[in-house]
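Visitor: Quick one: structure below, then a few questions.
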Amino acid sequence: MEDFTKPTIDINTNSEEYKFNREEEKQKILNDPRVKELIISLNLTESQINNGMGFIQKYYNEKDPQWKLYVSEFNEIEMDISNVTHFKRQKLLQNFWLTNITALDADLKEYFYTNKKKSKKILEDAYKSMQNFYGLKEFITELTSKKKSNLGLLLIDENISDARNILKYLAVLYGTNKNRTVAFIEANNLYSFYFNNAKNVQLINDINSYLEEVDYLILDKFGIGTKPEWFLDNLLNIFLERERNYKPIFVSTPIDISKSNSLLTYASSTNQKFDTGANKLEKFLKKTILRLTTKFVSKPKS
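To convert, note that position 90 of the sequence shown is 99 in my numbering; the numbers rise steadily by one, no gaps.
What follows is the structure in structure tokens.
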């Protein structure tokens, strides 16, 4: 049978021809104006150049790298990738907490995991939605221009969509442009997480700590469906802890919680009347949210 095995070619790396070609390539790289400038700026010794030739060759091959070379504490050439787009985006992604409870939208995932630019649609949708709230655009402009603020925001929007566009914009703004930590959580997602992990006390405590410590807590779609007393009590404790630490909350809801007839919790008794404790808890939670936020109500839809 005919042998179709690919023949091997032996290269003697110790041959004079190989040594000459390798040295020729090295000198070509070292004589490059950019490389010469690098050697001078880093004050490289001959030993550092020889040991770090791989890095220098990579620098030579990439004409405009986002990364840079530097001399480490061990006196060796190293690569700093902190300015590489992918690395920077992964660092910013760490600002978005608890995405296991409410996942990032598809356009944000695409931004963080690919080289695509941030979607302009996020800003466009938010600005369009702001027009449906009297005075909101001016308020947000003032709010986001401050270096640090504990001022919160309550958006009451029957259709939820405008409020969500605005809260998403704020989450992206604070999480990327301002490099602050953000938790964007849908209220029903949070309730389901608590309910499904009720027996894991340590996990629940850890989640509560994150909700208390994150720079910006955004609670979306709050008040959709009534919730048990324990859930509202948990939220109240988180809000009060954030108030003590001067950390803001942003909340969206389809109901006007400033009105006495808006219900957040369901009755535990068979005749559908509130327990005294549950009634007091709901009132206290509403007052706390209203105290920590500035309220904006969406314009009536025509």
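Every residue gets a Cβ at the ideal spot worked out from N, C-alpha and C, and that includes glycine.
Under a Cβ-count criterion, where at least 16 other Cβ atoms within 10 Å of its own Cβ denotes burial, should Ser186 be classed as buried or exposed?
Guide: Numbered from its first residue, the sequence shown carries residue 186 at position 177. A quick correction: the sequence has Asn, not Ser, at residue 186. Asn186 is exposed by the Cβ-count criterion.
Visitor: Roughly how many angstroms separate the alpha carbons of Asn206 and Asn174, rounded to a whole number?
Guide: For the purposes of this step, residue 206 is identified with residue 197 of the sequence shown, where counting begins at 1. For the purposes of this step, residue 174 is identified with residue 165 of the sequence shown, where counting begins at 1. Taking the straight line from one Cα to the other gives about 30 Å.
Visitor: Which value, in whole angstroms, describes the spacing of the CA atoms of Thr108 and Gly184?
Guide: Reading the sequence shown from its first residue, position 99 is the one you call residue 108. Reading the sequence shown from its first residue, position 175 is the one you call residue 184. Thr108 and Gly184: Cα-Cα distance of roughly 13 Å.
Visitor: Is the Cβ-Cβ distance between Leu241 and Leu273 less than 8 Å?
Guide: As a first step, residue 241 is located in the sequence shown; it is residue number 232 there, counting from the start. As a first step, residue 273 is located in the sequence shown; it is residue number 264 there, counting from the start. Against a cut-off of 8 Å, the Cβ pair of Leu273 and Leu241 comes out as a contact.
Visitor: Could you give the DSSP three-state label for Lys236: helix, strand or coil?
Guide: Taking the first residue of the sequence shown as 1, we reach residue 236 at position 227. Of the three classes helix, strand and coil, the one that applies to Lys236 here is strand, per DSSP.
Visitor: Using only the alpha-carbon positions, how far apart do Thr262 and Ile165 sit?
Guide: Here residue 262 refers to the residue found at position 253 of the sequence shown. Here residue 165 refers to the residue found at position 156 of the sequence shown. Each residue's Cα considered, the two are about 5 Å apart.
Visitor: Rounded to a whole number of angstroms, what is the C-alpha to C-alpha distance between Leu294 and Gln211?
Guide: Along the sequence shown, one-based indexing puts residue 294 at 285. Along the sequence shown, one-based indexing puts residue 211 at 202. One C-alpha to the other measures close to 25 Å.
Visitor: In the stretch 75 to 142, which residue ranges form an unbroken alpha helix (DSSP H) of at least 4 residues, counting only runs that do not cross its ends?
Guide: If we require 4 residues or more, the alpha helix (DSSP H) runs fully inside the stretch 75 to 142 come out as 94 to 102, 115 to 122, 129 to 139.
Visitor: Identify which residue in Pro257, Leu182, Gly234 has its Cα closest to the Cα of Leu101.
Guide: Residue mapping note: residue 101 aligns to position 92 of the sequence shown, counting from 1. Of the candidates Pro257, Leu182, Gly234, the one whose C-alpha sits nearest the C-alpha of Leu101 is Leu182.
Visitor: With the cut-off set at 8 Å, would you say Lys125 and Glu119 are in Cβ contact?
Guide: What you label residue 125 is simply residue 116 of the sequence shown in a count that begins at 1. What you label residue 119 is simply residue 110 of the sequence shown in a count that begins at 1. It is a contact, given that the beta carbons lie within the stated cut-off.
Visitor: Spatial neighbours of Leu299 within its chain, please: C-beta separation below 8 Å, excluding the five flanking residues on both sides.
Guide: Looking up residue 299 in the sequence shown gives position 290. Around Leu299: Leu163, Ile266, Ser267.
Visitor: Can the beta-carbon of Ile258 be found less than 8 Å from the beta-carbon of Leu228?
Guide: Reading the sequence shown from its first residue, position 249 is the one you call residue 258. Reading the sequence shown from its first residue, position 219 is the one you call residue 228. Yes, the pair counts as a contact, with Cβ atoms nearer than the cut-off.
Visitor: For Glu195 versus Lys157, is the C-beta distance shorter than 8 Å?
Guide: The residue labelled residue 195 in the question sits at position 186 within the sequence shown. The residue labelled residue 157 in the question sits at position 148 within the sequence shown. No, they are not a contact pair.
Visitor: Please list, in chain order, all residues of the same chain as Arg189 whose beta carbon is under 8 Å from its beta carbon, the five residues on each side excluded.
Guide: Here residue 189 refers to the residue found at position 180 of the sequence shown. So the qualifying residues of the chain are Asn104, Tyr183, Asp224, Tyr225.
Visitor: Tell me the residue span of the alpha helix (DSSP H) that contains Thr285.
Guide: The sequence position of residue 285 within the sequence shown is 276, counting from 1. Here the alpha helix (DSSP H) through Thr285 covers 285 to 301.
Visitor: Let me know the secondary structure DSSP gives Lys256 once reduced to three states.
Guide: Working through the sequence shown from its first residue, we reach residue 256 at position 247. Of the three classes helix, strand and coil, the one that applies to Lys256 here is coil, per DSSP.
Visitor: Among Tyr143, Leu244, Thr302, Ile65, which has the Cα closest to the Cα of Phe218?
Guide: Counted from its first residue, the sequence shown places residue 218 at position 209. The question names Phe, but residue 218 in the sequence shown is Ser. Closest by alpha carbon: Leu244.
Visitor: Could you check what DSSP says for Asp215 in three-state terms: helix, strand or coil?
Guide: Walking along the sequence shown from the start, residue 215 turns up at place 206. Three-state result, Asp215: helix.
Visitor: For Asn9, collect the residues of the same chain with a Cβ closer than 8 Å to its Cβ; drop the 5 residues on either side in sequence, then sort them by chain order.
Guide: Outside the modelled stretch of the chain, which goes from 10 to 311, sits residue 9, for which no answer is possible.
Visitor: Are Ile131 and Lys177 touching if we call contact CB-CB under 8 Å?
Guide: As a first step, residue 131 must be located in the sequence shown, where it is residue number 122. As a first step, residue 177 must be located in the sequence shown, where it is residue number 168. The answer is yes: Cβ separation under 8 Å.
Visitor: Leaving aside the five residues before and after Asn246 along the sequence, list all residues of the same chain whose C-beta is less than 8 Å from its C-beta, in chain order.
Guide: If you number the sequence shown from 1, residue 246 lands on position 237. The residues are Asn217.
Visitor: Is Leu179 helix, strand or coil by DSSP?
Guide: Reading the sequence shown from its first residue, position 170 is the one you call residue 179. Three-state result, Leu179: helix.
Visitor: Is Ile49 buried or exposed, if buried means 16 or more other CB atoms sit within 10 Å of its CB?
Guide: Reading the sequence shown from its first residue, position 40 is the one you call residue 49. Result: exposed.
Visitor: For Asn197, collect the residues of the same chain with a Cβ closer than 8 Å to its Cβ; drop the 5 residues on either side in sequence, then sort them by chain order.
Guide: By one-based count along the sequence shown, residue 197 stands at place 188. Contacts found: Lys230, Ile233, Gly234.
Visitor: Are the beta-carbon atoms of Ile38 and Tyr79 separated by less than 8 Å?
Guide: Start at 1 with the first residue of the sequence shown, and residue 38 comes out as number 29. Start at 1 with the first residue of the sequence shown, and residue 79 comes out as number 70. No, Cβ-Cβ distance for Ile38 and Tyr79 is not below 8 Å.
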